[in-house]
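Counting in our numbering, the sequence shown runs from 699 upward without gaps. Backbone N, C-alpha and C fix where the C-beta goes; we use that ideal spot for every residue, glycine too. In what follows, a structure is listed as structure tokens, so that the remarks can point back to it.
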Amino acid sequence: MIQRFKSIFKKNKTLIHNFSYLSILQVFNLLLPLITYPYLIRVLGGDRYGLVIFTQSVIGYLVILVSFGFNISATKEISIYRDNKNKLDEIVSSTLLSKFLLFIISFLILGILLYILPQAKDYKTLFILTMWMCLYEAIFPMWYFQGLEKMKYITFITLISRLIFLGLIFVFIHHPSDYLYIPIINGIGAIIAGIISLIIVFKIDKINFIIPKLSTFKNNLEDSYPLFISRVSSIKDNTPIFLIGMFMGNQAVAYYDLSYKVIKIIISIFDNVTNVVFPKIANSKNHTMLKKIVKVEFLLLICSYLLITALSKYIILFLGGSSMLPAQPLFFITGVLLLRPLSSIIGSSVLIINGLTKEFMLNLIYSTIFYFFITIVLIPLGYINIYTLSSTIVLAQIFEFIHRIYIIKKNNLIHWVV
699 MIQRFKSIFK KNKTLIHNFS YLSILQVFNL LLPLITYPYL IRVLGGDRYG LVIFTQSVIG
759 YLVILVSFGF NISATKEISI YRDNKNKLDE IVSSTLLSKF LLFIISFLIL GILLYILPQA
819 KDYKTLFILT MWMCLYEAIF PMWYFQGLEK MKYITFITLI SRLIFLGLIF VFIHHPSDYL
879 YIPIINGIGA IIAGIISLII VFKIDKINFI IPKLSTFKNN LEDSYPLFIS RVSSIKDNTP
939 IFLIGMFMGN QAVAYYDLSY KVIKIIISIF DNVTNVVFPK IANSKNHTML KKIVKVEFLL
999 LICSYLLITA LSKYIILFLG GSSMLPAQPL FFITGVLLLR PLSSIIGSSV LIINGLTKEF
1059 MLNLIYSTIF YFFITIVLIP LGYINIYTLS STIVLAQIFE FIHRIYIIKK NNLIHWVV
């Protein structure tokens, strides 16, 4: 038995190490909100904290633009050409330059939003400072480390930036008027993380920055475009917060954010599996391993839902206090979003790896159309409230998952997951 475990460990050494590093990171990400959220929600109050979250949801749309699907396409290319130094130089340079140009475009778009969005007009400084999210997306090459399966760098660098945030939060934020320090502190951490990661890429790994040919840019954009369309579909994830903020105010945003934040922590833990497995499956096409992972993940997600909903009242009292108890019913609704990791691993490790990128793209487009159709129907009927807006995103997630199962069954790939 011991020899068998040793053999399994040796065979999957890199995979196990990478999962361990990301698990360490996710444990920290799990603990961080438990430390900062209770403090911030009590010091800033639900209204101010909700405003910060609303702003992040708006800037989140621009983050999708900066990402442009490179986080998947570049990861795949890096994984394939990891032993080709010249090709790595080209991939890294073109991806970073493309993201930087998209970052500039996102700033121009923000300039327009500052004049047409009511909340942005009143809080221009907050919106500008929150652009740290786009900057981080542009300069932090997570796709590079994932492609080379060097998850330890992602863990160490992210831990540094998070610890900076953790320390400075308690130093600078003491009153509701200190809310601007949240994006400032996050921005400092993002810049430091970006600088450290780029030093590793260009100094330690000896990657050379080159000016890519226009044809290289064109090819990269063409390869990433379907994935960008799929990322555009993720605007539905930000939209509930945006609509709740527009129709019901910042306090309601705080209620939704609390439930979603707890669920998202669990989702991020399971997303580690997808992030670690994707490069491995891309190279080996080992569907037997993937099938085992999917089965275990499914059982753990069901247990997670039952546990979170059963303990929802106590979670709320611990994190936000009695004033946040109106968020409790939302746990039962948003908890269904725990289906997302399963849907995600099917999308990346089955559809994309088997060349079904078009089907993957269409699946996300259909689920987005489905989401907005339901939402648009609710508005004239007068059924817009925090519960219906939470339910629409859940229904869209269920639709996305079922449709992906249909796609893999239609293409005789169901044996990859069942």
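Status (buried if at least 16 other CB within 10 Å, exposed otherwise) for residue i
i     : result
I942  : buried
N918  : buried
I807  : exposed
A1008 : exposed
Y813  : exposed
S1010 : buried
G1045 : buried
N936  : buried
I733  : exposed
I810  : exposed
N970  : buried
S913  : exposed
K916  : exposed
C-alpha gap between residue i and residue j, whole angstroms
i     : j     : result
Y779  : V741  : 49 Å
I1063 : K1056 : 11 Å
A888  : V764  : 15 Å
I770  : I1050 : 9 Å
G748  : G758  : 15 Å
K989  : M944  : 42 Å
L846  : K774  : 10 Å
Y1003 : M849  : 28 Å
S875  : Y1069 : 36 Å
K797  : S804  : 10 Å
N782  : M840  : 19 Å
N784  : I909  : 13 Å
N1109 : L861  : 46 Å
I893  : I858  : 12 Å
V725  : I751  : 22 Å
L956  : I826  : 24 Å
I789  : F768  : 10 Å
A950  : D921  : 40 Å
Reference residue i, options the options, closest by Cα
i     : options                   : result
I1077 : Q754, T1090, I714         : T1090
P938  : Y958, V750, S913          : Y958
T793  : A836, L811, H985          : A836
I867  : F854, F907, I882, Y923    : I882
S777  : I803, P977, L857          : P977
I851  : I898, L1054, N884         : The identity of residue 851 in the sequence shown is Tyr, whereas the question assumes Ile. Nearest of I898, L1054, N884 to Y851, Cα basis: I898.
I964  : E788, Q1026, T1032, Y1012 : T1032
G885  : P1039, T856, L912, T828   : T828
Boundaries of the alpha helix (DSSP H) in which residue i is found, first to last residue
i     : result
S931  : Per DSSP, S931 belongs to no alpha helix (DSSP H) and is neither H nor E.
A1025 : Looking at the DSSP string, A1025 is not in any alpha helix (DSSP H), and its letter there is neither H nor E.
S859  : 849-870
M840  : 840-845
T773  : 768-778
H1113 : Element bounds for H1113: n/a, residue is neither H nor E.
D820  : 816-820
Short CB-CB distance (under 8 Å) between residue i and chain C
i     : result
L1049 : In summary, chain C is missing from the structure at hand, where a single protein chain is found.
Heavy atom of the ligand NAD within 7 Å of residue i beta-carbon
i    : result
M944 : Only the bare structure without any ligand can be found here, which leaves the ligand NAD out of the picture.
Practice prompt. Taking only runs that begin and end inside the segment 996-1040, name each unbroken alpha helix (DSSP H) of 4 or more residues, in chain order.
Written response: 1010-1017, 1026-1032
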